[in-house]
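**Student:** Here it is, the structure, as structure tokens.
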Amino acid sequence: MSPDPAPDALRDLPSLDPVIHAQPRLRVVVALAALGEEDQVSFPRLQQLVGMTAGNLSTHLRKLEAAGYVRVEKTYQHRTPVTYISLVRTGRRAFEDYTAALQALLADAPHLTTRERVP
Amino acid sequence: MLVHGDIAGIADPEPDRDQANSPQASLELIHSWRREAARRLFGTPELALAGWGVAWLLGFGACCLASSSTPRAAFPAWVAYLILGVASAAAGVISTVETVHPGRGIIGPSRRVALWYGWSWGLVYAALFFLILGLAVQGLPPALLARLWPGLAVLVGGVLYVAGGALWQDRLLYLLGAWTVMVGAASTFAGTPGNFAVLSLAGGGGLIAVAILLVLRRLPGRSGA
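First to last, the sequence lines map onto chains X and Y.
Sequential numbering of the first sequence, starting at 1, is according to this note's numbering.
Sequential numbering of the second sequence, starting at 1001, is according to this note's numbering.
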């Protein structure tokens, strides 16, 4: 299996951000976007919020981090390692663009790329 | 980079294949999940509002019945104070749990704002208690005290709702605060036991009405909540 296969459904929708478009990552991004700009959420709390296994969440967070959308910060609280996650400004903007692209796609002809329509 | 389940070279447990939605499904997911995530992260304010609404409705209602002289008081004043005290304590517990519980695992400005706002309720009501106690000790006539303390208690709650509305840019909360402030002030004109009736019905009733409005707004199929 290739490491990051191009999903069939994306072939028709070239301008939808594939990092966000995968359903589990969309859930993570929406949950993080519900927090304030400088807020951070701990890994276990986020895991409980989106209802994923730790392994799945780690995998998706790594992809979001690689895209520069989330920041993963390791720190210590009472000598216990804690991981905090936040949606950085780039990720917030990418999510807004993605939502706008979806709305434009649904409003207009589905075969056209959204890039021509979203200002 | 992650502590949890981060094992180098592990196979992707959830490959992206088959997980891309139609645009329609994605948009629906965003709308429904955004609302649900916000509910889980910020709690349900209508619970605390309804708790205080019921506390005021029952507590001030009981005070009204206890201080009525025509035909005669339904029960002694201490029973009314007990009802008000127990109902307020229950509402306080609900408010505290609803502030602290959803925010676990979250750090940052919005968490600090919520905690500081929550603490100001305890601070302000403790100060109000001592203000009334001081006036009573200084010999303010009981007839005046009976008009002053309930009106002030409701007015102060309204002030905090106005502040919360301004803080979170929440128009409904701000309007509720403005209404509650006016109810608290207006109650003093009604005399006793009329002031208790005003605070119970208009004050407690206002909180319950907004709580119901918030529940209706949250129902599925209503966007923009």
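Glycine is no exception: its CB is placed at the ideal position from the N, C-alpha and C atoms.
(1) Inspect the beta-carbon positions of residue 1037 (chain Y) and residue 31 (chain X) and report whether they are closer than 9 Å.
(2) Return yes when the C-beta of residue 1209 (chain Y) is under 8 Å from any heavy atom of the ligand FAD, and no when it is not.
(3) Going by the beta-carbon positions, is the gap between residue 93 (chain X) and residue 37 (chain X) smaller than 9 Å?
(4) On the DSSP bridge assignment, give the partners of residue 58 (chain X) in chain order.
(5) If contact is defined by three or more beta carbon pairs under 8 Å, each pair taking one atom from either stretch, is the stretch 1020-1033 of chain Y in contact with the stretch 1144-1156 of chain Y?
(6) Is the Cβ of residue 1010 (chain Y) closer than 9 Å to any Cβ of chain X?
(7) Any Cβ of chain Y within less than 9 Å of the Cβ of residue 39 (chain X)?
(8) If residue 1083 (chain Y) and residue 39 (chain X) are in contact, beta carbons under 8 Å, what's the gap, nearest whole angstrom?
(9) If we cut at 9 Å on Cβ distances, does residue 99 (chain X) have a partner in chain Y?
(10) List, in order along the chain, the chain X residues whose C-beta lies closer than 7 Å to that of residue 1024 (chain Y)?
(11) Could you tell me which chain Y residues have their CB closer than 9 Å to the CB of residue 78 (chain X), listed as they occur along the chain?
(12) What's the gap between the Cα of residue 20 (chain X) and the Cα of residue 35 (chain X)?
(13) Spatial neighbours of residue 81 (chain X) within its chain, please: CB distance less than 8 Å, with the 5 preceding and 5 following residues excluded, ordered by chain position.
(14) Does the stretch 1075-1082 of chain Y come within contact of the stretch 1111-1126 of chain Y, defined as at least 3 CB pairs closer than 8 Å?
(15) Any beta-carbon of chain X closer than 9 Å to the one on residue 1111 (chain Y)?
(16) Run through DSSP, which three-state label would residue 37 (chain X) get?
(17) Using a Cβ-Cβ cut-off of less than 8 Å, list which residues of the stretch 17-36 of chain X approach chain Y; keep chain order.
(18) Identify, in the order they occur along the chain, each residue of the same chain with its Cβ nearer than 7 Å to the Cβ of residue 1185 (chain Y), setting aside the five sequence neighbours on each side.
(19) Is the stretch 1184-1204 of chain Y touching the stretch 1057-1065 of chain Y in the sense that three or more CB pairs, one from each, lie closer than 8 Å?
(20) Start and end of the beta strand (DSSP E) containing residue 81 (chain X)?
(21) List, in order along the chain, the chain X residues whose C-beta lies closer than 7 Å to that of residue 944 (chain Y)?
**Tutor:** In brief:
(1) Position 37 of the second sequence, counted from the first residue, corresponds to residue 1037 (chain Y). Position 31 of the first sequence, counted from the first residue, corresponds to residue 31 (chain X). Yes, they are a contact pair.
(2) Absence of the ligand FAD from the depicted structure is noted, as is the absence of any ligand whatsoever, leaving it without description.
(3) Locating residue 93 (chain X) in the first sequence gives position 93, where the first residue counts as 1. Locating residue 37 (chain X) in the first sequence gives position 37, where the first residue counts as 1. Not in contact: residue 93 (chain X) and residue 37 (chain X) (Cβ atoms no closer than 9 Å).
(4) On the first sequence, position 58 is the one that residue 58 (chain X) refers to. Per DSSP, none; premise fails for residue 58 (chain X).
(5) No contact exists between the stretch 1144-1156 of chain Y and the stretch 1020-1033 of chain Y.
(6) Position 10 of the second sequence, counted from the start, is the residue given in the question as residue 1010 (chain Y). Only weak support is given to the placement of residue 1010 (chain Y): the predicted model assigns it a pLDDT of 40, under 50, and the value that follows is read from those uncertain coordinates. For residue 1010 (chain Y), the answer is yes, since a Cβ of chain X falls inside 9 Å of its Cβ.
(7) Looking up residue 39 (chain X) in the first sequence gives position 39. Taking CB atoms only, residue 39 (chain X) has a neighbour in chain Y less than 9 Å away.
(8) Locating residue 1083 (chain Y) in the second sequence gives position 83, counting from the first residue. Locating residue 39 (chain X) in the first sequence gives position 39, counting from the first residue. The pair is not a contact, with the Cβ atoms about 40 Å apart (cut-off 8 Å).
(9) Within the first sequence, numbered from 1, the residue matching residue 99 (chain X) stands at position 99. At least one chain Y Cβ lies under 9 Å of residue 99 (chain X).
(10) As a position in the second sequence, residue 1024 (chain Y) is number 24, starting the count at 1. The answer, in chain order, is 106.
(11) Numbered from 1 along the first sequence, position 78 holds the residue referred to as residue 78 (chain X). Within 9 Å Cβ-Cβ: nothing; residue 78 (chain X) doesn't reach chain Y, min ~14 Å.
(12) Walking along the first sequence from the start, residue 20 (chain X) turns up at place 20. Walking along the first sequence from the start, residue 35 (chain X) turns up at place 35. C-alpha of residue 20 (chain X) to C-alpha of residue 35 (chain X): approximately 17 Å in a straight line.
(13) One-based indexing of the first sequence puts residue 81 (chain X) at position 81. Leaving aside the five residues that flank residue 81 (chain X) on each side, the residues in its chain whose CB is nearer than 8 Å to its CB run, in chain order, 74, 75.
(14) Not touching, per the Cβ criterion.
(15) The residue you call residue 1111 (chain Y) lines up with position 111 of the second sequence. Residue 1111 (chain Y) has a beta carbon lying within less than 9 Å of a beta carbon in chain X.
(16) Translated into positions along the first sequence, residue 37 (chain X) becomes position 37. Reduced to three states, the DSSP call for residue 37 (chain X) is coil.
(17) Only those residues of the stretch 17-36 of chain X whose C-beta falls short of 8 Å from the nearest C-beta of chain Y are listed: 18, 21, 22, 23, 24, 26, 27, 30, 31, 33, 34, 35, 36.
(18) What you label residue 1185 (chain Y) is simply residue 185 of the second sequence in a count that begins at 1. Contacts found: 1151, 1155.
(19) At 8 Å Cβ cutoff, the stretches touch.
(20) To locate residue 81 (chain X), count along the first sequence from 1; it is residue 81. For residue 81 (chain X), the uninterrupted beta strand (DSSP E) run begins and ends at 80-87, by DSSP.
(21) The displayed coordinates of chain Y run from 1001 to 1225. Any statement about residue 944 (chain Y) would go beyond what the structure contains.
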